[in-house]
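Trainee: Structure incoming, see below.
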Amino acid sequence: MQVHESRAWIFLALAMASNGKPADVKAISAAAEGIKRFPPTDTLMQATIPYLSATKLVEKTGAGYLLGTEGQVLFAQTDPIINLYDKLRMLERRFLLMNEPGQDARRKLNNSYPMLVWGATLVTAPILFMWWNYSGKGELNLSGAATLYFYFIVFGLMISLPTYFIYRLSIVGMMRTMQSDLAIRLVSLLIVFACLIVTLMIINRGINIFASRETTGILLPYLIPVIVFSFVFRLSVADPQTSKN
4 MQVHESRAWI
14 FLALAMASNG
24 KPADVKAISA
34 AAEGIKRFPP
44 TDTLMQATIP
54 YLSATKLVEK
64 TGAGYLLGTE
74 GQVLFAQTDP
84 IINLYDKLRM
94 LERRFLLMNE
104 PGQDARRKLN
114 NSYPMLVWGA
124 TLVTAPILFM
134 WWNYSGKGEL
144 NLSGAATLYF
154 YFIVFGLMIS
164 LPTYFIYRLS
174 IVGMMRTMQS
184 DLAIRLVSLL
194 IVFACLIVTL
204 MIINRGINIF
214 ASRETTGILL
224 PYLIPVIVFS
234 FVFRLSVADP
244 QTSKN
């Protein structure tokens with residue numbers, strides 16, 4: 004590789020970053036190797052550093068996004084060449100992590116999250132149901148409430164298993180494709196809502212569940228805890244394998 008070719012790789016990586024898409028990791032790697040073999044001490048490289056800073060290339064997506072203020076300082080200095088190889092290597096590692104198939108490089112699913120949301124909802128929903136339907140009416144004593152609570156736990160456990168598996172699989176799938184925990188929570192809540200509607204329609208043999216206060220009195224006590232606990236428990240945790248890099 005010639006000296007001019009190593010410069011070309013650097014320009015290629017930055018140009019790709021400035022076009023709104025992440026720079027090619029191969030270009031970053033080649034640039035790093037070129038810097039290592041041919042230290043860029045020529046006047047051409049020195050002259051381009053202020054130009055890169057002035058055109059704000061590194062502040063756009065790609066390199067500027069990953070390096071942040073560190074990248075701005077790197078390309079704004081008049082003599083950043085001393086640590087340029089290390090900076091490019093760091094950038095290369097981050098690109099490799101970001102482009103790795105599967106889960107996000109910096110986080111992974113908290114495996115207990117779907118179970119915690121599901122379990123907390125099963126325990127809380129019967130209490131809300133009894134409050135919604137029997138509060139202030141005096142129709143339910145302590146013994147009857149305990150019996151009804153037990154039946155709701157057992158019945159809810161059995162009938163909600165399909166919803167739980169759909170809920171869990173959807174979260175696992177979204178963790179591989181979506182970066183925002185908030186977006187994953189919101190989409191998964193929509194999925195749970197749809198599953199609750201379908202479940203109640205099956206139980207009521209297709210009758211419009213919103214036309215009956217009794218059925219909405221079952222829907223809301225389950226829907227409200229799901230929404231609350233979806234934001235109470237932690238969805239993702241740091242991946243120890245990638246945090247070491």
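Numbers 4 to 248, taken from this note's numbering, label the letters of the sequence shown in order.
Where is the CB? At the ideal position from N, CA and C, for every residue including glycine.
Please list the segments of the alpha helix (DSSP H) lying wholly inside the region 113-153, counting only runs of 4 or more residues, in order along the chain.
Mentor: 116-137
Trainee: Measuring only the C-alpha atoms, how far is residue 137 from residue 126?
Mentor: 18 Å
Trainee: Enumerate in chain order the residues of its own chain whose CB-to-CB distance from residue 236 is below 7 Å, with the five nearest sequence positions on each side excluded.
Mentor: 116, 119, 120
Trainee: From the DSSP output, read off the bridge partner residues of residue 239.
Mentor: Looking at the DSSP assignment, residue 239 forms a beta bridge with 112.
Trainee: Let me know the secondary structure DSSP gives residue 48 once reduced to three states.
Mentor: Any reading at residue 48 must be qualified, since the residue scores a pLDDT of 47, below 50, and its modelled position is unreliable; no value is offered.
Trainee: So, with DSSP's three-state summary, where would you put residue 232?
Mentor: helix
Trainee: Mind reading off the beta-carbon distance from residue 226 to residue 196? Whole number of angstroms is fine, and I expect it under 8 Å.
Mentor: The Cβ separation is near 6 Å, so the contact holds.
Trainee: According to DSSP, is residue 181 part of a helix, a strand, or is it coil?
Mentor: coil
Trainee: Report the residue from 134, 191, 182, 155 whose alpha carbon sits nearest the alpha carbon of residue 171.
Mentor: 191
Trainee: Within 10 angstroms of the Cβ of residue 180, are there 16 or more other Cβ atoms? Answer buried if so, exposed if not.
Mentor: exposed
Trainee: Helix, strand or coil for residue 208? Go by DSSP, reduced to three states.
Mentor: In this structure, DSSP gives residue 208 a state outside helix and strand, which the three-state scheme calls coil.
Trainee: Label residue 146 either buried or exposed according to how many other C-beta atoms from any shown protein chain fall within 10 Å of its C-beta, with 16 as the threshold for buried.
Mentor: exposed
Trainee: Do residue 257 and residue 169 have their CB atoms nearer than 8 Å?
Mentor: Shown here, the chain extends from 4 to 248; a query on residue 257 therefore has no answer.
Trainee: Compute the Euclidean distance between the alpha carbons of residue 150 and residue 123, then round it to the nearest angstrom.
Mentor: 19 Å
Trainee: Which residues in the same chain have their Cβ closer than 6 Å to the Cβ of residue 240, if we skip the five residues on either side of it in sequence?
Mentor: 113
Trainee: For the candidate residues 153, 148, 135, whose alpha-carbon lies nearest to that of residue 220?
Mentor: 135
Trainee: With 16 other CB atoms within 10 Å as the buried threshold, where does residue 26 fall?
Mentor: Since pLDDT at residue 26 reaches only 48, below the 50 mark, its modelled position is unreliable, and the value read off the structure follows with that caveat. Its Cβ being crowded by 16 or more others within 10 Å, residue 26 is buried.
Trainee: Applying the 10 Å Cβ sphere with the 16-neighbour rule, what's the burial state of residue 175?
Mentor: exposed
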